[in-house]
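Read through the structure below, which is laid out as structure tokens, and then see the notes.
Residue numbers (UniProt numbering): 1 to 145.
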């Protein structure tokens with residue numbers, strides 16, 4: 001398998017996404033605190049052989065890189081994350097289309113009910129790969145401690 005991790009770094013938390021490039025699908029996604037995200041990445045690396053890690057070049061990106069390099073040796077690439085949060089709002093509604101009358105409203109005025117950090121991580125990975133990934137219906141956005 002060709003597995004990548006994508007990370008959307010933030011001040012207190014980060015969005016994480018594990019994707020299989022052979023199938024083109026997201027395997028797992030969620031949000032973790034800055035204190036615990038590296039444990040999750042290490043666990044993913046033990047369970048699967050991670051090839052590459054993509055990190056958004058915004059807030060705390062160097063902290064994320066340093067914490068990852070402390071325990072593991074990963075190939076790390078940065079992606080420009082300008083505008084990714086706004087794009088994630090639209091991508092959210094593509095993955096989970098709104099129901100009933102809400103679907104007729106312009107997507108610009110809809111705010112997703114879930115945390116978008118994992119969707120931003122998806123956007124960052126798709127920007128790096130230059131193609132879209134599939135988000136299977138069985139994959140939910142998790143919240144790790």
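Backbone N, C-alpha and C define an ideal beta-carbon position, used for all residues, glycine too.
Query: Cα separation between residue 13 and residue 34?; Result: 5 Å
Query: Output the distance between the C-alpha atoms of residue 44 and residue 90, rounded to the nearest integer angstrom.; Result: 28 Å
Query: Is residue 116 closer than 9 Å to residue 15 when the C-beta atoms are compared?; Result: yes
Query: Which full runs of the alpha helix (DSSP H) of 4+ residues lie inside the region 68–95, going along the chain?; Result: 84–95
Query: Taking the Cβ atom as the reference point for each residue, do residue 87 and residue 123 lie within a distance shorter than 9 Å?; Result: yes
Query: Where does residue 139 fall in DSSP's three states?; Result: coil
Query: Can the beta-carbon of residue 32 be found closer than 9 Å to that of residue 135?; Result: no
Query: Between the Cα of residue 7 and the Cα atoms of 70, 52 and 100, which residue gives the shortest distance?; Result: 52
Query: Taking only beta-carbon positions, decide if residue 41 is within less than 9 Å of chain B.; Result: Among the chains of the structure shown, chain B does not appear; only one protein chain is present.
Query: Pull up the distance between the alpha-carbon of residue 4 and that of residue 113, whole angstroms please.; Result: 26 Å
Query: If residue 77 sits next to residue 128, beta carbons under 8 Å apart, how far is it from one beta carbon to the other, in whole angstroms?; Result: 6 Å
Query: According to DSSP, which residues form a beta bridge with residue 17?; Result: 6 and 29
Query: Could you give the first and the last residue of the continuous alpha helix (DSSP H) run that contains residue 45?; Result: 37–47
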